[in-house]
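Enquirer: Protein chains in written order, with the numbering used here: chain A, 2 to 420; chain B, 1189 to 1254. Glycine is no exception: its CB is placed at the ideal position from the N, C-alpha and C atoms. Dumping the structure here so I can ask a few things about it.
Below, the structure written as structure tokens:
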């Protein structure tokens, strides 16, 4: 309705990217053939990362058209801070490298943008995600957590990932974007497309991505016809450098907020509950001492950081003793950085009252997770409500727990006994 | 005891104003600010020390007074 930006399908103008060969099969050597999709990595990546950190701190693979994996905190931080050598043009490693012609916006701004555009695009989002702004969502989040636990009535076993953790961020971000709450199950499908479908043939992956953007375009048209007080309407009206945002900027940012807001937080809540289900001493302490929960949340973020980011190498460079080629991927493993004994005392232990905790779960440098205050609020409230309502629980079947692979790791099946 | 914050390093993680709300505040974009002249009020020393020790960007520090 009167907004020509979305009148025709602006996506047809998308410049083509570069494809690499799909490589599957088990990892032969973690130092030279790593894959973050390997089931061994999904099940327990920490021993692999610890070994690499000692033996070969920057691992390599020919998969995904060539990629590197630094495992020391110092090296991960160096990549995060060096936005000249490492571009954010793409941040999810797959067999598709988007065209540099998408710059400066990139597919999902501002996470896919480099300076100086990045700063201005990010500035548009920051006010909605401050600690004070997200505090206004706390009561509704708490009430929603209670309704999820109400559903446990009469059940002896529940799935803490499927029945609890995953629903919380879906509901919160749907409310913020102004999407219908009943669309939640579709969001989970989109998350799988973006983050777990990374080794599909590029054409298949792009077709699935189109479904996500079809949905977003539908929401955009609905919001143009019925503007309301939410982030979608805000983005449609927002201006940068004196004009409204490019259509690909609006839909790309919506995609980012939807995807990045969901399975990251779901993973963090799930991993925390998994730890507490298997560690009665920590569970009992937090039940008795709820004021310790915010400190414990930081430790869960350190020890079970769900998110790994990616960068692309801008041009051929010698770095930390290895030869990086232009367009090689570099995985920014915040989980590996967070367990580096050179940075953290007792790095491999979960210490829920850890006082000094400079963890990197939300990244370092200019791309610090814009939703970090929201994620912290959701984690704290989710754990407070769970521990208040379900103070006693344990893993129903440790062998039945499954973890997602790829760049966001968390429990996807988590059966716990509550009765 | 006085704190200072380097706005060139701060990325808005918010650990400081969470751990030491009497010493640090947040601006409209979530970046940390030093309240008043940065002198740590009595009773807030412990929080200020934890804030300095937990900033992921090492953007805050104590400085010598006077």
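Between the stretch 1225–1241 of chain B and chain A, which residues of the former have a C-beta closer than 7 Å to a C-beta of the latter?
Expert: 1238 and 1241
Enquirer: Quick check on the DSSP output: the alpha helix (DSSP H) that includes residue 226 (chain A) runs from which residue to which?
Expert: 203–226
Enquirer: Considering only the alpha carbon of each residue, which of A:81, A:284 and A:69 lies closest to residue 57 (chain A)?
Expert: A:69
Enquirer: How close, in whole Å, do the beta carbons of residue 130 (chain A) and residue 371 (chain A) come, if the pair is a contact with beta carbons under 8 Å?
Expert: 5 Å
Enquirer: Using a Cβ-Cβ cut-off of less than 8 Å, list which residues of the stretch 118–133 of chain A approach chain B; keep chain order.
Expert: 124, 127, 128, 130, 131, 132 and 133
Enquirer: Pick from A:140, A:163, A:114 and A:300: whose alpha carbon is nearest that of residue 103 (chain A)?
Expert: Of the listed residues, the one whose Cα sits closest to residue 103 (chain A) is A:114.
Enquirer: If contacts are defined as beta-carbon pairs under 8 Å, then residue 200 (chain A) and residue 25 (chain A) qualify, I think. What distance do you get, rounded to the angstrom?
Expert: 7 Å
Enquirer: Under 8 Å between beta-carbons, which chain A residues line up against residue 1214 (chain B)? List them in chain order, please.
Expert: 131, 132 and 133
Enquirer: Given that a residue counts as buried once 16 or more other Cβ atoms are within 10 Å of its Cβ, and exposed if not, what is residue 369 (chain A)?
Expert: buried
Enquirer: Do the CB positions of residue 132 (chain A) and residue 1231 (chain B) come within less than 9 Å of each other?
Expert: no
Enquirer: Which of the three DSSP states, helix, strand or coil, is assigned to residue 15 (chain A)?
Expert: coil
Enquirer: Which residues of chain B have a Cβ atom closer than 8 Å to the Cβ of residue 366 (chain A), listed in chain order?
Expert: 1199 and 1245
Enquirer: Run through DSSP, which three-state label would residue 273 (chain A) get?
Expert: helix
Enquirer: In the DSSP assignment, find the unbroken beta strand (DSSP E) run with residue 31 (chain A) in it and report its ends.
Expert: For residue 31 (chain A), there is no enclosing beta strand (DSSP E), since its DSSP letter is neither H nor E.
Enquirer: Which residues in chain A sit within 8 Å of residue 1220 (chain B), going by Cβ to Cβ distance?
Expert: Those do not exist, as residue 1220 (chain B) stays about 11 Å from chain A at its closest Cβ, beyond 8 Å.
Enquirer: If distances are taken between C-alpha atoms only, which option among A:388, A:321 and A:128 comes closest to residue 232 (chain A)?
Expert: A:128
Enquirer: If we ignore side chains and look at the alpha-carbon of each, how far apart do residue 322 (chain A) and residue 49 (chain A) end up?
Expert: 21 Å
Enquirer: Does the distance from the CB of residue 392 (chain A) to the CB of residue 308 (chain A) come in under 9 Å?
Expert: no
Enquirer: Between the alpha carbons of residue 363 (chain A) and residue 145 (chain A), how many angstroms are there, rounded?
Expert: 25 Å
Enquirer: Taking DSSP as the reference, what is the three-state secondary structure of residue 1220 (chain B)?
Expert: Three-state result, residue 1220 (chain B): strand.
Enquirer: Which residues bound the beta strand (DSSP E) around residue 61 (chain A)?
Expert: 59–62
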